[in-house]
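Novice: The opening position of the sequence shown corresponds to residue 863 in the working numbering, with each subsequent residue numbered one higher. One structure, pasted below without further comment.
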Amino acid sequence: MAGHSKWANIQHRKNRQDEKRGKVWTRVIREIMAAARQGGGDAAANPRLRLAIDKAKAANMPADTIKRNVDKATGSLEGVSYEEIRYEGYGIGGAAVIVDCMTDNRIRTVAEVRHAFSKYGGNLGTEGSVAFQFKHCGQIVFAPGVSEERVMEVALEAGAEDVIAGEDGSVEVLAAPADFEAVKKALEAAGLVPALADVTMRAENPIALAGEDAARMQKLLDVLEDLDDVQDVFHNAELDA
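Right, here's the structure in full:
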């Protein structure tokens, strides 16, 4: 259960996302609508919708805005229909990249994603070309200084798959997507508040990039994340920030 710390890269990713707060509401609204359309508008019976609503609340979205978009998705109100699409590709140094999109125009979206890859040093791959390098899982990360033993005790008891201790004292908990919510709640109930918690695509085989390569990779990621239809960008590059 030991491993190298990803704390610096996790913090770097979170900070970059925080800089893009202007897009947060748009992305969260789309996720709420997709979750409600797929699993129904009852958050108590729809884990994906609960997670999306938690993200909306964390972004200070008003309750009436959340409800209105759930109603749109379930047909109570007329709304735009969004389609979920995943693109896979390669960045600098062969780094694997997954781009999750939600769009009302597939042709526009694939053109924009392809253009971003080709202009900034990557290339769009085929379906399945890099997804095998990632694990779909719940990821709960604690800042350095947390008690590894306490996190491990609570997490494993709650159904976590693994607890990974970083060399700098950070601790990462991994759980199956279906168990993510229960594990997170158990940790929080024990007074263990994570710095980051989400259901994600976690890279299995990181690629270290430094200097100019790291800067070019960051530029590609920034451009992809800034596309209107992009919800999430996952990659296996460890950038020397």
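Even glycine gets a Cβ: it sits at the ideal position worked out from N, Cα and C. Note that this is a predicted model, so its numbers are computed, not measured.
#1: Does Ala1040 pass the burial test, meaning 16 or more other C-beta atoms within 10 Å, or should it be called exposed?
#2: Around the Cβ of Phe994, are there at least 16 other Cβ atoms within 10 angstroms (buried) or fewer (exposed)?
#3: When you compare only the Cα positions, how much space is there between Ile928 and Cys963?
#4: May I ask which residues mark the beginning and end of the beta strand (DSSP E) holding Ala1027?
#5: Is it true that the CB of Leu1082 sits closer than 7 Å to the CB of Tyr944?
#6: Quick check on the burial criterion: 16 or more other C-beta atoms within 10 angstroms. Buried or exposed for Lys934?
#7: How would you write the range of the alpha helix (DSSP H) that Ile969 sits in, first residue to last?
#8: Span of the alpha helix (DSSP H) holding Val1016?
#9: Identify whether Met923 lies in helix, strand or coil by the three-state DSSP scheme.
#10: Please determine if the region 1012-1025 and the region 1041-1048 are in contact, where contact requires at least 3 C-beta pairs separated by less than 8 Å.
#11: Can you round the beta-carbon distance between Cys999 and Thr1062 to whole angstroms, since I take them to be within the 8 Å contact cut?
#12: Considering just the uninterrupted stretch of the alpha helix (DSSP H) at Phe1042, what are its terminal residues?
#13: Any idea which residues DSSP pairs Ile1002 with across the strands?
#14: Which residue marks the beginning of the alpha helix (DSSP H) containing Val890, and which one marks its end?
#15: Which residue from Tyr949, Arg892, Ala905 puts its Cα closest to that of Glu1043?
#16: Name the residue from Phe996, Ala1027, Trp887 whose alpha carbon lies nearest to the alpha carbon of Asn931.
#17: Between Asp926, Arg948, Ala898, which lies nearest to Asp1094 when the distance is taken from Cα to Cα?
#18: Nearest CA to the CA of Ala957: which residue from Asn985, Glu1034, Leu1036, Val1013?
#19: Just the Cα atoms here: how many angstroms apart are Glu858 and Glu1066?
Specialist: Looking at the atomic coordinates:
#1: By the neighbour-count rule (16 or more Cβ atoms within 10 Å), Ala1040 is not buried but exposed.
#2: exposed
#3: Distance between Ile928 and Cys963, taken at the CA atoms: about 20 Å.
#4: 1024-1027
#5: no
#6: buried
#7: 968-981
#8: Note, Val1016: alpha helix (DSSP H), 1010-1020.
#9: In the three-state reduction of the DSSP assignment, Met923 falls in the coil class.
#10: yes
#11: Their Cβ separation, rounded to whole angstroms, is 7 Å, which keeps Cys999 and Thr1062 in contact under 8 Å.
#12: If you look at Phe1042, you'll find it in the alpha helix (DSSP H) that goes 1042-1051.
#13: Val1035, Ala1059
#14: 886-901 is the span of the alpha helix (DSSP H), which, as asked, contains Val890.
#15: For the residues Tyr949, Arg892, Ala905, the minimum Cα distance to Glu1043 belongs to Ala905.
#16: Trp887
#17: Comparing Cα-Cα distances from Asp1094 to each of Asp926, Arg948, Ala898, the minimum goes to Arg948.
#18: Asn985
#19: The first residue shown for the chain is 863 and the last is 1103, placing residue 858 beyond what the model contains.
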